[in-house]
Amino acid sequence: MTNPYIPLLIMGGLALLLGVGGLAASAVIGPKRYNKVKVDAYECGIQPSPHSVGAGRFPIKYYIVAMTFIVFDIEVVFLYPWAVSFTELAGFGLIAMFGFLFLITVPFVYEWRRGGLDWD
Amino acid sequence: MPTQFADLPWLTILIVAPTVVAALIWLVKPLRRAARPIGLVTSAAVLIGVALMASAFEVSDAATVQFTQTHDWIAPLGASYAVGVDGMGLTLVALAALLVPVVLIAGWNEVRLPSGIAADRADNALAYRQAGFVALILVLESLMIAVFAARDLFLFYVIFEAMLIPVYFLIGVYGGPNRRAAALKFLLYSLAGGLVMLAGVIAVYFQTDGGPGTYLLANLTDIAADNPTLQMWLFLSFFIAFAVKAPMFPVHTWLPDAAAQATPGTSTLLVGVLDKVGTFGMIVICLPLFPGAAAAAAPVIIVLAIISIVYGGLVAIGQNDLMRMIAFSSVSHFGFIVMGVFVGTQTALVGAMLYMVAHGVTIAALFLISGFLTQRGASQDMRTYSGMQRVTRVLAGTWLFAGLASLALPGLSGFVPEYLVLLGSFEAHWAYGVFAVIGVVLSALYILLAYQRVFTGPVPEAGAPVELAGAALDVPDRAGLKDLTGRERWAVVPLALVILFLGLYPAPVLELLSGVADQFAAILGSAS
Amino acid sequence: MSLVNYLVLSGILFSIGSIAVLTRRNAIVAFMGVELMLNAANLTLVTFGRLHGDLHGQVIAFFVMVVAAAEVVIGLAIIVSIFRTRGSASIDDANLLKS
Amino acid sequence: MNTNLAPILARSTGAADFSNDTIWVSVIKAVAILVFLLLSVLFALWFERRIIARFQQRLGPNVRGPFGLVQSIPDALKLILKEDITVKAADKVIYLIAPVISVFCAFMIYAVIPFGPEVTIPFTDFVTPLQLTDLPVSILYILGITGLGVYGIVLGGWSSGSTYPLLGAVRSTAQIISYELGMSLALVSVLLVAGSMSTSEIVNSQENLWWAFALLPAFVVYLISAFGEVNRLPFDLPEAEGELVAGYQTEYSSMKFAWFYLAEYINMLNVAAVATTVFMGGWRAPWPLVTLFGEGVDQGWWGFLWFILKIWLFMFLFVWVRATLLRFRYDQFMAFGWKVLIPVALVWLGLVAAFQGVRHFTSFDPTAIDVGGLSLRTVLFGIAGILIIVTIVMYLIPDRESKPVPDGKAAKGTTGSDATTDEPFDAFAGGFPVPPLPGQKLPPSKRRARVTTPAAPAEDETTDEEKTDG
Amino acid sequence: MNQFVPPEIDWAALSPVLIVLGIAVIGVLVEAFVPVRVRRATQVVLAVVGVGAALVAVAWRWVVVQADGPTALVAGALREDAPALLAQAILLVCAFVGLLVIADRSSGEDAFAPAAAAIPGSAYEAEARRAGLVQTEVFPLTMFAIGGMLVFPAAADLLTLFIALEVLSLPLYLLAGLARRRRLLSQEASLKYFLLGAFSSAFFLMGLALLYGYSGSVRFDAVATAVPATSGMDGMLLAGVLLVIVGLLFKVGAVPFHSWVPDVYQGAPTPVTGFMAACTKIAAFAALLRFFYVVAPGLQWDLTVVLWIIAILTMIVGTVLAVVQTDMKRMLAYSSVAHAGFVLLGVIALVPSGISSVLFYLLAYGLATVGAFGLLTLVRERDADGNVTGEALHLSQWAGLGRRHPVLAVCFTLFLISFAGIPLTGGFIGKFAVFGAAIEGGAWPLVVIAVLASAAAAFFYVRVIVLMFFTEPTGTDADPGTTVVRTEGLTAVAVVVCAVGTVILGVVPGPILDLAANATKFML
């Protein structure tokens, strides 16, 4: 087989089958006894509030993490191909990548120093 | 003839000097208080300078441009700094140089304090305002001289447009109650006309080879001769701008407003000199650059000119505002000038040129004297005046004198040019002449009617109500108005002298102009 | 499968994205529309890269992803700050500036 | 695809050869992997409980089957038979999809993990690698699938429409993406030396030297990140029982819960497998054995054995750590990820790149220094040794600084915050008690003598124990 | 597979860009490490020196290029030729004065929110203001934007252009949201700018993809050579070119892609508005010129109609809408739309003089814009207690300003008449040159419309002059309502430079025009 992605599809199909099948099985097999309290949100036993805290919003801090993550994710995107063809890209690639790393480090340092990484 | 004068860069000096003085007055605080004397001395000096220059002018060769200076200015655009005057240019420069000191004298106390200024600052504020006024007038003088001296189309255009700015401020800052609207109207009309001209200026660049010196008027003749349509478009782009400037029907409407709202001094310069730029441009630019188109368009233009003459006269009769009346009379007069330019005979052209000078002087006298009256009476409405010849005798006399000059009484400045124009028109076509004569009649009507309304009749009693536009108005004391003061008389004297001179002995001026007229009339003649 | 199909798909995605930007009033949704458009362009690039038999298309797509990521960061920063102020990410609520 | 990737594939010398495989072979392999994973999870459940019990001086499950070995099977079956509750506030579709995503992504990683070298299937003469498939970009694929797996958690937490799951999901997301960075960066240095992203090639590149030794810091970073990645103690904040009930899974029950649970354990196996493949030589025999017994132990089905052993070595590590360490506080945890792991990984990457650069692109070849027979391996070991020493020294320095502080425990904050104030911290300043911020310290409590370290995991385990055994 | 060949990089030729971006990076580090006390001073000095140095570098490269001819840089991604360098120089000049305005602190505070992320009106924000926090990130952001802009005119492939587009846009999106006062307005402007900007860059990108698909390359020259080849994919080619042009037209604010302009100009901090209005336009037009002049010649027939319509619409809509505005910034915004239309004439002309004339126009426009917006920052409102508050932007608030502050009013008038294109100002020569190029290119109907639009446009410029000089001030002497604040001097310097520049460009434009005349040909 020349296309390495076909086995992946097979694997994916089987995994999906298993995942969905499991749910279906439990839906079929499991008992169904309705109880109002059962379908309420769990809040440590007290009467649940109508909306979850923050109405489904994420605290701001997580956005900062997400943004920082994106920066580094980009870095990784470029590092991987470079690492693999390290010898071919030779000194030019090495220097370019060091420059790139430096440029990624600068905002990182900035964020660090300005408290963007402090979680409080 | 003293040759050492001829070598000086006269025009440049005359152009630069007033601007420099203006800048000094405006920027250097101590000079502000003495702004008026300084301005007067400067303008007088310029007048003397013009006189000296004129003395060096080669009258026998009036058709040739003299005192020329040519330097590269914006080489990539082909624009040069080129100045020089021929007979007509010299005359108009002299007119400008004459009127500026007159206006300054006449308007010595014209600049008032604006309302809402605290008493302790009033002195400074007044000095500042006066300095501003004088500075603007001086800048305007520079530009007026420059525009008549420009021998480069681009330079001409630039000054043509730049002149708007000081006038705009003169009207807008120092004018009457409706000055803002008037200033805006003036600027927008002129700017629109100017921008249309800009398109033409650019197009001329591409119709010639487009190298350095492209815009020298000396190098520009018969643009796009092989493409009559294009030439007509180019001609129109210039003509429209000039028509706006020299208010011709139907683009004249800005003038009455501007003239009525501006101070008399500003109006004088505006109508007396600035508007002449329009007709000047028609002669020195429209005719030589686009002879074919000018000849083709001439009949239409003459019709417009006749409409201007008649319409201006009729409307002038109907005016109640003294300044507006004079402004509309100017529309009529400009109709004469334009007609003289385009009928295509040498006689008419000479007449038109002389008319420009003569009209400049008479209209100045009318505006200034009317200004003296309206400032005394605090109203421009003729209906609020009556019998003023008994109260202000000298004023009435001089007004009548100027008015008679305006209606072309023989022996006064208006007669010779009007006669020449009529003659030239008849030469071209009898119908032109007939209509023009109607204009002459009308001019007699509006001047004399105005005189009758304002200066004759009984002097109204103080406090007697006057029916004005349906509303009763308490008329201020008319019997107590003062006659012309010494300063005001001195302002009028030079004008009166020139009026007399032009009426009695126009030969020297005609000599200056006729050569030029020969040249331009030939162009139109050969083209048609 | 013909490569044209990919182009058609990317065209559809691009249209959906631009319609989302133009019609949806929620800033985040509009923003996602923009991202969809960028990805549609990426798909086009990769498809053409395949068509031309070179890797340029894919490389460009890389750069586009980076740019898109940077845009996400900036966009989120702006949207979040507005959201905190107004408690809403609707574009219509942001109408202090008359249009 | 072929035309484009041909050059890349052609360069791969050590890649596994799948040209014999047919679709049916792939299907068989895939099924085998699924079965392997399910069995491993069942085993892992037992394994974990037994080991932890050992640590805690208990027995652990010992009733069902030998050593309680089949205890996990009834546990799992029970979950299927439980009622499938969908909470009222849930966003139904996403609520349902989330666990499937989780388990799907968990299963998919093993698709590119080499279990062993080429083997002959017993009873046939069919030769095939013990690996479902291999991509030229397997490592990227693994990272991608891992990233996709986050969706399962975050969607599950969000769609429950409940507070605790949401908080757990948010935490989990932040945690996974934070630690994924350290992980990815650690992997780059391996790619650099191995020159490929294909798992089988990476394994082959470790014929002489496991990268765990040559690239020790990267390995360490990877391991730590792996703990964060799979939400295991000491980084199990998304489902910290004490704080968030059960995190994102709070509202899940029955099979849906089972999938999350399963996914979590498979993910442990996943990171173990990746660590094995990338750092520990994959299916290759430990090199002392090769030296002792010759090449034979490195071939055929032996590889499978080594692979399993190595995985379970890591699994043991997970359990060991769980039994030993306490949960981090969230800020400490994030700070550790961002301010320690990522910088270390970056610096290490820079060093490796520089070293490789000098080696490849200049005439100066550090590996060729032949003083007393120093080889590449020796030099790398040397560097690793130096780094270890540096690490130790760095570890010592803050200790020395903290000595002047009378209360030694106060300086434990890993945030390194410099906001120390001279004022004593008053926990009740705001009217209600608040915990100290980093750098602040609690005044000695009157009840201090009575406070002991709570053995949270131990308590959990015992309750768990009683329930399942009963 | 081809062996990888490292591109030759001529670092010297890249020096202007490198200097600016390097300073930007250093600026970020300054934010991280330099103590707050001296941070602002450090940033200002760095930025000003950086832009100055870049200007010097550009001048040096100009000399080199004049001597050695244009070159391709970085494996052809950039071009170092006369138009690029001239555009960069113009850009840097405008950026320099813009930067001075940005750095200025009139009445003791700069124009930026001290804590941009704080909720407007919150206690935290008030506290930050009281504590005298200053926003210094604006300097690195500005430098990054300038860096992107510098690449813009030189970019010779679509990908570089796209990335430069983003590098210049992203900082501007942020800068637009940093206004110290009217925070909500500012944030909203930022959001709108961002959404529409991202939207347009998506179009640009799709255009890039299509052109790549058509020609197999994103190089301008490759696309240009592929143009004549009729391969049945002409539609794709045309769509690609149009989409790319749409992306660029958005940046210059041409109708119908102008809707962001008034909102963003109004909401953004005024110094940023000035910087953005001038420099973005310069960069975007320079790029548009290169793209159009290199790629379009083969497509002229197809593109002309579209561009003509856009140019006409831009001039008319900009002018007409500017007339009805009562807010200074919005008025200037619409006027900038109209100006974009005028500049488009030079682009459409597709004659060599079009390049130089557009660049000249942009210089004149840029100087006047930065100067005008710089002055806007100084005219402030005053509340009942006599405290100076935000900028007085309503037209009526400018009434009678000429009386009290003649110098300021005269400078503003100068900029306005330059906008209006009245002679003896740079605006006039610029208009002249551009209209000239358009006529040379045969677009005389456009010129006629442009002339009419200019005339109409004069109305709203003149109206402001009327207000300043001819109208009585609304307030009393004791409480003028509108006041002019003292600056630190930087804005004054910037305004004077702009004013002098405007006059010089109007009176003796010869040398600059000569310089521009060298920049009439793009290196393919």
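Protein chains in written order, with full-length UniProt numbering: chain A, 1 to 120; chain B, 1 to 528; chain C, 1 to 99; chain D, 1 to 470; chain E, 1 to 524.
The C-beta atom is built at its ideal place from N, Cα and C for all residues, glycine as well.
Residue-level contact to chain E via CB, residue i, 8 Å cutoff
| i | result |
| --- | --- |
| B/Met1 | Only weak support is given to the placement of B/Met1: the predicted model assigns it a pLDDT of 45, under 50, and the value that follows is read from those uncertain coordinates. Cβ-Cβ to chain E under 8 Å: no for B/Met1. |
| A/Tyr110 | yes |
Min CB distance residue i to chain D below 8 Å
| i | result |
| --- | --- |
| A/Met97 | yes |
| residue 122 of chain A | Because chain A spans 1 through 120 in this model, residue 122 of chain A falls outside it and cannot be assessed. |
| A/Val76 | yes |
| A/Met11 | yes |
For residue i, three-class secondary structure by DSSP
| i | result |
| --- | --- |
| D/Asn270 | helix |
| D/Met1 | Model confidence at D/Met1 stands at a pLDDT of 37, short of 50, so the residue's coordinates are unreliable; what they give is reported in the following sentence. Coil. |
| residue 473 of chain D | A question about residue 473 of chain D goes unanswered here, because the residues of chain D that appear run from 1 up to 470. |
| D/Pro74 | helix |
| B/Gly84 | strand |
| E/Gln397 | helix |
| B/Thr485 | coil |
| E/Arg181 | coil |
| B/His71 | strand |
Chain C within 8 Å of residue i, Cβ atoms only
| i | result |
| --- | --- |
| A/Asp118 | no |
| E/Val38 | no |
| E/Pro120 | yes |
| A/Ile70 | yes |
| A/Tyr5 | no |
| E/Ile146 | no |
Proximity winner among the options, relative to residue i (alpha-carbon distances)
| i | options | result |
| --- | --- | --- |
| E/Leu513 | E/Ala399, E/Ser353 and E/Ala333 | E/Ser353 |
| D/Thr133 | D/Asp331, D/Trp158 and D/Ser200 | D/Ser200 |
| E/Arg39 | E/Ala103, E/Arg61 and E/Ser122 | E/Ala103 |
| residue 525 of chain E | E/Leu321, E/Gly390 and E/Val493 | For residue 525 of chain E there is no data in the structure shown, the boundaries of chain E being 1 and 524. |
| residue 532 of chain B | B/Pro250, B/Leu138 and B/Thr362 | The first residue shown for chain B is 1 and the last is 528, placing residue 532 of chain B beyond what the model contains. |
Short CB-CB distance (under 8 Å) between residue i and chain A
| i | result |
| --- | --- |
| D/Asp17 | no |
| D/Gln299 | no |
| C/Val64 | no |
Nearest-angstrom Cβ-Cβ length linking residue i and residue j, presumed shorter than 8 Å
| i | j | result |
| --- | --- | --- |
| residue 526 of chain E | E/Arg380 | Nothing in the structure corresponds to residue 526 of chain E, since chain E is present only between 1 and 524. |
| B/Tyr446 | B/Ser329 | 6 Å |
| E/Ile348 | C/Val67 | Not quite, the Cβ-Cβ distance comes to about 29 Å (not below 8 Å), so this is no contact. |
| B/Ala162 | B/Leu143 | 6 Å |
| B/Arg151 | B/Leu217 | 5 Å |
Residue i: CB within 7 Å of a non-hydrogen atom of the ligand ATP
| i | result |
| --- | --- |
| D/Trp46 | In terms of ligand content, the structure shown is empty, and the ligand ATP therefore cannot be addressed. |
Problem - the stretch 398 to 413 of chain B in contact with the stretch 499 to 515 of chain B per 3-pair CB rule at 8 Å - result: With the cut-off at 8 Å, the stretch 398 to 413 of chain B and the stretch 499 to 515 of chain B touch.
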